[in-house]
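Per numbering that gives the first Met the number 0, the very first residue in the sequence shown carries number 0; after that it's consecutive.
Below is one structure, written out as structure tokens; comments come after it.
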Amino acid sequence: MSRLVIDTNGAATQIAEAGDGDPALVFLHYWGGSSRTWQDVINQLGGKPRSIALDQRGWGDSVARDGRYDLSAMADDAEAVARTLGLVRYVLVGHSMGGKVAQIIAARRPDGLVGLVLVARAADADAGLRSAACCHA
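Structure (structure tokens):
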């Protein structure tokens, strides 16, 4: 797996890349994770398809030079990575926090995004409060 740093909208984003094939899989890790989170999965894919795993800003070896660590900034970074790498067709694979980032990107409807895989997407911060409010009148 090769590693490189891509300059994205205010961050130096470290990525790990392996394989080839279309559509590419772009892996987004959970809160506290890094691109290494996905290494075993990418290894199991055996080089097909192209796999790109990001260290999202503030995690792993990525640095937010603009001081932003919000989900929208992480989405901006992932989109910039896809553009910089020239991904024509790609699928976002997001785990927990990465699932939220993937959904933000999907809502923007970028060119080339052909699918989402959401793994245990993190709940909204107030979801438990809404559930409790509905059930305990």
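Glycine included, each C-beta is placed from N, C-alpha and C at the ideal position.
The continuous alpha helix (DSSP H) containing GLY98 extends over residues 96 to 107. The beta carbon of ALA72 is closer than 8 Å to those of ASN8, GLY9, ALA10, ARG56, ALA63, ASP65 in its chain, skipping five residues each way along the sequence. Straight across, the Cα-Cα distance linking GLY85 with LEU70 is about 23 Å. Taking SER61 as the centre and dropping the five residues before and after it, the same chain places the C-beta of ALA10, ALA11, THR12, GLN13, ASP54, GLN55 closer than 7 Å to its C-beta, in chain order. Contact check for PHE26 and SER50: beta-carbon distance about 7 Å, within the 8 Å limit, so the pair qualifies. Among the bridge pairs identified by DSSP, ARG2 is matched with ALA15. Here the alpha carbons of TYR89 and PRO48 stand approximately 10 Å from one another.
Around the beta carbon of LEU24, 16 or more other beta carbons lie within 10 angstroms, which makes this residue buried. ALA122 has its alpha-carbon roughly 31 Å from the corresponding atom of ASP21. For SER34, the closest alpha carbon among the candidates GLU16, GLN43, LEU44 is that of GLU16. GLY93 places its beta carbon 9 Å or farther from that of VAL87.
Relative to the Cα of GLY114, the nearest Cα in the group MET96, ARG108, ARG107, LEU91 belongs to LEU91. Under the three-state reduction of DSSP output, LEU84 falls in the coil class, being neither helix nor strand.
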